[in-house]
Amino acid sequence: MREFWPIQLVCQAFGIRRSSFYDHCRSKRRINRERLELKAHVNRAFHLSRHGFGSRSIRDFLKTEGIDVGRYLVRKLMKESGLISKQPGAHKYRKATAEHLDIHNLLNREFTVEQPNQVWCGDITYIWTGNRWSYLAVVMDLYARKVVGWAMSNSPDAELATKALEDAWR
10 MREFWPIQLV CQAFGIRRSS FYDHCRSKRR INRERLELKA HVNRAFHLSR HGFGSRSIRD
70 FLKTEGIDVG RYLVRKLMKE SGLISKQPGA HKYRKATAEH LDIHNLLNRE FTVEQPNQVW
130 CGDITYIWTG NRWSYLAVVM DLYARKVVGW AMSNSPDAEL ATKALEDAWR
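What follows is the structure, given as structure tokens:
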């Protein structure tokens, strides 16, 4: 930039003082030792926990060692270092946009069945598969109380339920 435009003119165009520009240039060269030491402590705590600690646990661990640091700074340092905890995050449910009131309750809580394949019931649950949530849909025959069909997917949608029903139908 200095080859093309004078610093004075560029600073004036952006509405900043020349001293701010030079301070910024100097700060890029300056190494923040405290931050590097803190990052080393965070890395050590993370590896001691065998990749199990998140930012809160690392903050608590460092506090027991006499290092006072906030969890958001720990989270930022973990992100900079590429440290990802094995612990899954909170699972968020998606609410249905509209209820289907036109579907009537035919069983009316009468779960005793006389013959096989008269009444099927189903459910969808979520399972942590190591790095993300997967969804399992199961169809069960109420007479035999056994699974007659199932399907897995990365999203809990109508297609998942349809696949489980198709598997039960075969």
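Numbering-wise (the working numbering), the sequence shown opens with residue 10 and increments by one.
Think of the CB as a built atom: it goes at the ideal place given N, C-alpha and C, for glycine as much as any other residue.
Let me make sure I understand the geometry here. Which of the options has the alpha-carbon closest to that of residue i?
| i | options | result |
| --- | --- | --- |
| Arg103 | Gly139, Thr134, Leu71 | Thr134 |
| Gln96 | Leu145, Phe55, Val157, Asp77 | Phe55 |
| Gly158 | Arg141, Glu168, Pro165, Trp129 | Trp129 |
| Gly151 | Tyr144, Thr121, Asp166 | Strictly speaking, residue 151 in this sequence is Leu, with Gly absent from that position. The residue with the shortest Cα to Cα distance from Leu151 is Thr121. |
| Pro165 | Val156, Ile136, Lys48, Asn140 | Ile136 |
| Lys88 | Glu12, Lys48, Lys172 | Lys48 |
| Tyr144 | Lys155, Val156, Ser162 | Ser162 |
| Leu57 | Leu92, Leu18, Glu123, Leu45 | Leu92 |
| Ser94 | Thr73, Gln127, Gly139 | Gly139 |
| Arg84 | Leu110, Asn52, Thr106, Arg154 | Asn52 |
| Leu45 | Gln127, Glu119, Glu123, Ser90 | Ser90 |
Applying the criterion that 16 or more other CB atoms from any shown protein chain within 10 Å of the CB defines a buried residue, is residue i buried or exposed?
| i | result |
| --- | --- |
| His115 | Checking the displayed sequence, the identity of residue 115 turns out to be Leu instead of His. The residue is exposed, with fewer than 16 neighbouring Cβ atoms inside 10 Å. |
| Arg179 | exposed |
| Gly61 | exposed |
| Gly63 | buried |
| Arg65 | exposed |
| Arg42 | exposed |
| Ile67 | buried |
| Leu86 | buried |
| Ala177 | buried |
| Ala160 | buried |
Sorted by chain position, which residues of the same chain lie with C-beta nearer than 6 Å to residue i's C-beta, five sequence neighbours on each side aside?
| i | result |
| --- | --- |
| Cys20 | Arg27, Phe30 |
| Arg180 | Look at the range of the chain in this structure, 10 to 179, and you will see that residue 180 is not part of it. |
Which partner residues does residue i have in the DSSP bridge list?
| i | result |
| --- | --- |
| Thr171 | Answer is none; Thr171 lacks a bridge partner. |
| Lys155 | Asp150 |
| Ala54 | Per DSSP, none; premise fails for Ala54. |
| Ser36 | Answer is none; Ser36 lacks a bridge partner. |
| Ala160 | Ala146 |
Can you list, in chain order, the residues of its chain with a C-beta nearer than 7 Å to that of residue i? Leave out the 5 residues immediately preceding and following it.
| i | result |
| --- | --- |
| Asp77 | none |
| His50 | Leu71, Ile76 |
Within the same chain, show all residues whose beta-carbon is closer than 8 Å to that of residue i, passing over the 5 residues directly before and after it, in chain order.
| i | result |
| --- | --- |
| Gly131 | Ala146, Val147, Val148, Met149, Ala170, Ala173, Leu174 |
| Arg141 | Asn163 |
| Gln17 | Arg27 |
- Item | Runs of beta strand (DSSP E) wholly within the stretch 69–150 (minimum 3 residues, chain order) | Here the runs fully enclosed are 129–137, 142–150.
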